[in-house]
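Worksheet: one structure, shown below.
Number of protein chains: 2
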Amino acid sequence: MLPAISTIPFANDMPSNPEQAAAGFDPVERGRSIVVRVRPLTRERFAPFGEVIEAGHPEQRRIVNDGTAERFHDLANIDPGPQGRAIVSIFRSRPRELPLPLVSMERHPLASQAFVPLSGRRWLVVVAPAGGPPVAEGLVAFLASGEQGVNYAPGVWHHPLIALDAPSDFLVVDRSGPGENCDETVLDRPARVETVDDGGPRHGDDR
Amino acid sequence: MLPAISTIPFANDMPSNPEQAAAGFDPVERGRSIVVRVRPLTRERFAPFGEVIEAGHPEQRRIVNDGTAERFHDLANIDPGPQGRAIVSIFRSRPRELPLPLVSMERHPLASQAFVPLSGRRWLVVVAPAGGPPVAEGLVAFLASGEQGVNYAPGVWHHPLIALDAPSDFLVVDRSGPGENCDETVLDRPARVETVDDGGPRHGDDR
């Protein structure tokens, strides 16, 4: 089985953008950069981190409105947390370019957070398991289609929203309520996504 | 000021589709049909019924994710009601054809219900005020763009989802919980939407 995450020299990764510079990357102290491989998003692969929000699964399907519509029912564990209420917002995101440095991650310890694309465009999901601060080698990346949203379970580390290709809107379902509900952290070492187009199955890779 | 709702003879409205037939419309007892005029959806016009879910209003705008995204924050009064939890589902709806007979209306007395288009296509919103059963003459119709969702306040009467032009998906935020949360009623007399393309302002119409 091929490793899902490989390392390559970080030689050419100057702090060419503000995020890298702000994170204190010093080209003099070049280390080795983690290149995070991107795989297609599926509900099974994403299960450790939350739910994929998409239509199509027969067990979630109900016929409604006198047969004019299908309802794919209750697709995510929306959790507004203690004394919280679920709210809806729209994120309007600029697209990010590849290769994309991954510098910081965030989590919402009190509540879930869902993103559903409204613009029909693919987007990139980068996560790490809930728990202590994520490390670059533990990052997992998925390419979501324009018909796939995700719901991050409470505490799951995730990269800030990554739109691709063009400015894109997303419906967000998260929490309003008391308490501090956003932790941010900088990764222990540089990581990046090189491309989203090589995520197909490879010989011996059953992940 | 022209009336927003006009009446015309119902002479040619045979029960040509199952909805009309099921509602017991008897061509022998032809009455006069209400033709509901459709106007463009705006947050101000929709305010008596709930909220329009759309990006763009400066007072809801926040800059997030290191400047890569705008967050239009908390766009609807999501209300899961007593002992309820907010859930997300996807409705996949067949498009309806115009003229469209309006036969039945529904309401969710315990909770709000939001619909946000995922397919980028315009759709039709038909509502009546919360309270007693709606009458045909009290119907209000709005043409929503593909970038506009709505959230029906608890108890607001609304027509089942009306997609236009092509099969369309919608994200729905409503309620799971105990109790009966769907009332349906048949209108007191026939009503219909003739067209969605004449909703522009007219002389003397300031509504």
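Sequence order for the protein chains is A and B.
Under numbering that gives the first Met the number 0, the first residue of the first sequence carries the number 0, and numbering increases by one thereafter.
Under numbering that gives the first Met the number 0, the first residue of the second sequence carries the number 0, and numbering increases by one thereafter.
Glycine included, C-beta positions come from ideal geometry on N, C-alpha and C.
Three-state secondary structure (DSSP) of residue i
| i | result |
| --- | --- |
| F48(A) | coil |
| E193(B) | coil |
| R93(A) | coil |
| R188(B) | strand |
| R31(B) | strand |
| R38(B) | strand |
| E183(B) | strand |
| P26(A) | Legend: pLDDT at P26(A) = 31, less than 50; position of this residue unreliable, no value from coordinates given. |
| E43(B) | helix |
| N11(B) | With a pLDDT of 38 at N11(B), under the threshold of 50, the modelled position of that residue is not reliable, and the figure given next carries that caveat. In the structure shown, N11(B) sits in coil (DSSP, three-state: anything other than H, G, I, E or B). |
Residue j beta carbon less than 8 Å from that of residue i
| i | j | result |
| --- | --- | --- |
| D73(A) | I86(B) | yes |
| G49(B) | N150(B) | yes |
| N64(A) | L160(B) | yes |
| L170(A) | L186(B) | no |
| V172(B) | L99(B) | no |
| S32(B) | P116(B) | no |
| L97(B) | A190(B) | no |
| V35(A) | A140(A) | yes |
| F114(A) | G83(A) | no |
| P47(A) | S111(A) | no |
| V51(B) | R38(B) | no |
| L109(A) | R174(A) | yes |
| E183(A) | S92(A) | no |
| G145(A) | G119(A) | yes |
| A135(B) | R188(B) | yes |
Residue i burial status per 10 Å Cβ neighbour count (16 or more: buried)
| i | result |
| --- | --- |
| E69(A) | buried |
| D196(B) | exposed |
| P81(A) | exposed |
| E53(A) | buried |
| A165(A) | exposed |
| P133(B) | buried |
| D245(B) | No statement about residue 245(B) is possible, as the shown extent of chain B runs from 0 to 206 and does not include it. |
| G55(B) | exposed |
| A143(A) | buried |
| D131(B) | This sequence places Gly at residue 131(B); Asp is not what is there. It is exposed - the Cβ of G131(B) has fewer than 16 other Cβ atoms within 10 Å. |
| R106(B) | buried |
| G178(B) | exposed |
| G66(A) | exposed |
Proximal residues of chain D, C-beta to C-beta of residue i below 7 Å
| i | result |
| --- | --- |
| H157(B) | No chain D is present in this structure, whose protein chains are A and B. |
3 or more residues per run - each beta strand (DSSP E) lying fully within the region 139-179 of chain A: Along the length of the region 139-179 of chain A, whole beta strand (DSSP E) runs at least 3 residues long occupy 139-143, 148-151 and 167-175, reported in chain order.
Entirely within the region 53-136 of chain B and at least 3 residues each: give me those beta strand (DSSP E) ranges in chain order. Those beta strand (DSSP E) runs which fall completely within the region 53-136 of chain B and span 3+ residues are 60-63, 68-71, 84-92, 99-106, 112-116 and 122-127.
Counting Cβ pairs closer than 8 Å, one from the region 107-125 of chain B and one from the region 120-128 of chain A, do we hit at least three? No contact exists between the region 107-125 of chain B and the region 120-128 of chain A.
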